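Student:
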Amino acid sequence: MNCLKTQRILVTLTRFHSLHIRFLSSAQQKIKDSYFFLPGDIPLLSLTVPKLLDETADKYGDRNAFISAHQGIVKNYTDFRHEVEKLASGFISLGLRKGDRIGVCTPNCYEWPLTQYAAAKAGLILVNINPAYQSMELDYCLKKVGCKALVTWDVFKTQNFYNILCELIPELPKSTSCRLKSSNFPNLESIIMISKDKKPGILNMSDVIEYGNKESDEILSSIEKSIQFDDPVNIQYTSGTTGKPKGVVLSHHNIINNVLVLGRRIGYHLQTPVICLQVPLFHCFGCVFGTLASVMYQGTCVFPSAGFNSVDSLKAVEQYKCTAIYGTPTMLIDCLNSLQLQKYDISSLNLVLLGGSPSTEKLVEDLKKQLKVSAICIAYGSTENSPAVAVSGVDDELEKSVKGMLKPVEYVELKIVDDNGKLVPINTEGELCVRGHNLFLGYWDEPEKTAEVVDKSSWYRTGDLCDMDEYGYVRVVGRKKDMIIRGGENIYPAELENFLSTHPAILESHVVGVPDKRMGEEVCAWISVKENMILTEEDVKQFCKGKISHFKIPRYIMFVKEFPKTVSGKIKKYEMVRISIEKLNL
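Residue numbers (the numbering used here): 59 to 644.
(1) Please classify Leu497 as buried or exposed, where buried requires at least 16 neighbouring CB atoms within 10 angstroms.
(2) Would you check if the segment 332 to 346 and the segment 173 to 191 touch, i.e. whether three or more CB-CB distances between them fall below 8 Å?
(3) Should the segment 194 to 203 be called in touch with the segment 150 to 157, which here means at least 3 C-beta pairs below 8 Å?
(4) Taking the alpha-carbon positions, what's the Ile249 to Val185 distance?
(5) Helix, strand or coil: which one does DSSP assign to Met634?
(6) For the candidate residues Glu468, Gly413, Thr381 and Gly414, whose alpha-carbon lies nearest to that of Asp403?
(7) What does a CB cutoff of less than 6 Å around Val598 pick up in its chain, not counting 5 residues either side in sequence?
(8) Is it buried or exposed, Gln294, if we count other Cβ atoms within 10 angstroms and call 16 or more buried?
(9) For the beta strand (DSSP E) holding His568, just list the boundary residues, first then last.
(10) How long is the line joining the alpha carbons of Ile549 and Ile611, rounded to whole angstroms?
(11) With 16 as the cutoff for other CB atoms within 10 Å, does Gln174 come out buried or exposed?
(12) In whole angstroms, give me the CA-to-CA distance for Glu229 and Asn221.
(13) So, is Thr520 buried or exposed, given that buried needs 16 or more other C-beta atoms within 10 angstroms?
(14) Which residues in the same chain have their Cβ closer than 7 Å to the Cβ of Leu82, if we skip the five residues on either side of it in sequence?
(15) Using DSSP with H/G/I as helix, E/B as strand and the rest coil, what is Thr386?
(16) In whole angstroms, what is the alpha-carbon distance linking Lys420 and Ser147?
(17) Beta-carbon within less than 8 Å of Val512's beta-carbon, same chain only, minus the 5 sequence neighbours each way: which residues are those?
(18) Out of Phe149, Glu276, Gly357 and Cys205, point me to the one whose CA is closest to Asn653's CA.
(19) Evaluate the contact criterion for the segment 117 to 131 versus the segment 208 to 216: three or more CB pairs, one atom per stretch, below 8 Å.
(20) Using three-state DSSP, classify Ala85 as helix, strand or coil.
(21) Using CA atoms only, rank isn't needed, just tell me which of Ser406, Val452, Pro331 and Gly414 is closest to Lys430.
(22) With distance defined between alpha-carbon atoms, name the residue in Phe287, Val581 and Leu558 nearest to Leu593.
(23) Using a threshold of 9 Å, state whether the C-beta atoms of Val332 and Thr349 are closer than that.
(24) How long is the line joining the alpha carbons of Leu523 and Cys342, rounded to whole angstroms?
(25) Taking the straight line between their C-alpha atoms, what separation do you get for Glu553 and Thr136?
(26) Looking at the strands, I want to know which residues DSSP matches up with Val307.
(27) Run the CB neighbour count on Ala433, radius 10 Å, all protein chains shown included, and call it buried at 16 or more, exposed below.
(28) Leaving aside the five residues before and after Ile542 along the sequence, list all residues of the same chain whose C-beta is less than 7 Å from its C-beta, in chain order.
(29) Of all the options Ser415, Glu442 and Leu409, which has the alpha carbon lying nearest to the alpha carbon of Lys427?
(30) Can you list, in chain order, the stretches of the alpha helix (DSSP H) that have 4 or more residues and sit fully within the segment 149 to 220?
(31) Which whole-angstrom value is the C-beta distance of Gly413 and Ala437, which I expect to be below 8 Å?
(32) Taking the alpha-carbon of Asp289 as reference, which of Gly181, Lys304, Lys623 and Leu565 has the nearest alpha-carbon?
(33) Where are the alpha helix (DSSP H) runs, 4 residues long or more, that stay fully inside the segment 417 to 501, in chain order?
(34) Could you check the C-alpha separation between Leu145 and Asn485 for me, to the nearest Å?
(35) Quick one: what's got a C-beta closer than 7 Å to Tyr378's C-beta in the same chain, skipping five residues either side?
(36) Tell me the residue span of the alpha helix (DSSP H) that contains Val369.
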């Protein structure tokens, strides 16, 4: 038996050695098939999120960690860590324990990363919730993962969060206890609001920070020691063809090492980044590339405004001498337009990081010309990949980036396969599959859904159509899925179609994305009306308002009697897109 084991080990080592040689050479030599692996020059980390903060705070305590310009808050690493410790102890005093889920539903603000790091320190799983969600969407998100606590804002734009919560929890206005009891949300025990006002049934964030005591501190210390690097730390909602949002579970290992390879790709190990973070924190782009990357690379993360505002962003760059600015193409287009109206000193900028939706060649060229930055990096990925899969680096040829050719991140395997799962030759379209340290732990409480996208060999099927060149660069050419990306926001047609079907006058509806110069894509809904019923475009939009997020409301509505279908009766959405473009003169 020992001899047999030795033989197997030798065979395994020999195979690994041959593969390792190929991996090392693939960065320099041309490949023939669409498979690529890029080794890194430093090992992956086994850190947890709270240990990462400790390492940075120990060495760079006086350096600014987070600046919330719209709140007038500036915190250095020493002060930030102190407040994280106090809030984490406060969470423990509320009865939260390792593995419990805590939702965060706020716009960009200082309290978001404070909650993020405090939750991680207490062993909690942070659940990111879009603050634009209406009551129906919030109801689903809280119930799906069984949130035990929720951190929220008071009023943001047209959103009054307390009123929304009262709609969902009728007991709330009459509640006299800090411990919530709701028949609709049996798991939800605490609602923590970032507000100066006292409201029935609500705990104020400023109070919870002071709730900790000797007992909760001791429990917190014990919990923190038990946290492993591959424990879950975050749940982010995504969706699929069913329209039902799925909770993507990410580990400390997932997000920390994704930031490690991304940061080195875009040159953060060579400088101290000061990041102007325009993108929302509830997305991976914000809470991984932003609030985590800044801590890993001992930098500063600046929140110019609660919600995106190009003028506020440019003012923040000028005031705080930001070296990097993040954004979706839509955001950067607005920044360029604002620069045409008024001049700002943005000479400190040396990096633009684009993500969230496809970028055009013209936009990249305009950014290079008008912002005069040394690097424009473009990131591609998905929440399930925590999130980066391929990123153009500071040393990559701009010509490749402009054409959407991106280099895979280190330590992640990529392959492109046909409909039968077979590897395709280079420069051949197929579905992109990903495997590596970045792969999510699974969809929360949905093993069947997880198995649909992750095979037995741990390959994740992205649903994206891509091709790969002879040097391993990948280019996204389309989507097998029907997801619409409007200004960086993911919109799932099936979810919107399900909602529209609840209108009493709508017989059938189907939704597609159509091109838009500013937003990338806009929502176009095709609707057939029930017999003897009358429905106008304005009726549909009014029906949507207040029930679904504003960015999901269709920009275009086309009333039809029938839909283009295949012989088997399936909707031909590509034909819908073609007809929509033609009729709308897009």
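Even for Gly, the Cβ is constructed at its ideal location relative to N, Cα and C.
Owing to the predicted nature of the structure, the values given are computational and were not obtained by experimental measurement.
Tutor: So, from the listed chains and residues:
(1) Result: buried.
(2) The count of Cβ pairs closer than 8 Å, one atom from the segment 173 to 191 and one from the segment 332 to 346, reaches three, so the stretches are in contact.
(3) Touching, no.
(4) Those two C-alpha atoms are separated by around 14 Å.
(5) If DSSP states are grouped into helix, strand and coil, Met634 belongs with the helices.
(6) Among Glu468, Gly413, Thr381 and Gly414, the Cα nearest to that of Asp403 belongs to Thr381.
(7) Excluding residues within five positions, the ones whose Cβ falls inside 6 Å are Ile615.
(8) Under a 10 Å Cβ-count criterion, Gln294 is classified as buried, with 16 or more other Cβ atoms of the shown protein chains found around its own Cβ.
(9) Residues Ile564 to Asp574.
(10) Taking the straight line joining both Cα atoms gives about 10 Å.
(11) With 16 or more other Cβ atoms from the protein chains shown falling within 10 Å of its own Cβ, Gln174 counts as buried.
(12) Approximately 12 Å between the Cα atoms of the pair.
(13) Buried, since its Cβ has 16 or more Cβ neighbours within 10 Å.
(14) Since pLDDT at Leu82 reaches only 39, below the 50 mark, its modelled position is unreliable, and the value read off the structure follows with that caveat. For Leu82, where only same-chain residues beyond five positions count, the Cβ hits under 7 Å are Pro97.
(15) Looking at Thr386 - three-state DSSP - the assignment turns out to be coil, as it is neither helix nor strand.
(16) Just so you know, the alpha carbons of Lys420 and Ser147 end up roughly 50 Å apart.
(17) Annotation for Val512: Leu497, Gly500, Tyr518 and Arg519 place their beta carbon closer than 8 Å to its own, counting only its chain and skipping 5 residues before and after.
(18) Given a span of 59 to 644 for the chain in the structure shown, any question on residue 653 remains unanswerable.
(19) No: the two stretches stay apart, fewer than three of their Cβ pairs being nearer than 8 Å.
(20) Low local confidence applies: a pLDDT of 47 at Ala85 is under 50, so the model's placement there is unreliable, and no value is given.
(21) When each option's Cα is compared against that of Lys430, the closest is Ser406.
(22) Leu593 has its Cα closest to that of Leu558, out of Phe287, Val581 and Leu558.
(23) Not closer than 9 Å, so no.
(24) Approximately 22 Å between the Cα atoms of the pair.
(25) Approximately 44 Å, taken between the alpha carbons.
(26) Beta-bridge analysis with DSSP links Val307 to Ile293 and Gly500.
(27) It is buried - the Cβ of Ala433 has at least 16 other Cβ atoms within 10 Å.
(28) Within the same chain, Ile542 has close Cβ partners Ile549, Pro551, Gly571, Glu579 and Val581.
(29) The candidate whose alpha carbon is nearest that of Lys427 is Leu409.
(30) Complete alpha helix (DSSP H) runs here, min 4: 169 to 179 and 193 to 203.
(31) Contact between Gly413 and Ala437 holds: their C-beta atoms lie close to 4 Å from each other, under 8 Å.
(32) Across the set Gly181, Lys304, Lys623 and Leu565, the C-alpha of Gly181 shows the shortest separation from the C-alpha of Asp289.
(33) Listed in chain order, they are 419 to 429 and 456 to 460.
(34) Leu145 and Asn485: Cα-Cα distance of roughly 52 Å.
(35) Within the same chain, Tyr378 has close Cβ partners Ile125, Val332 and Val360.
(36) It spans Ser368 to Tyr378 - the alpha helix (DSSP H) in which Val369 sits, taken as one unbroken run.
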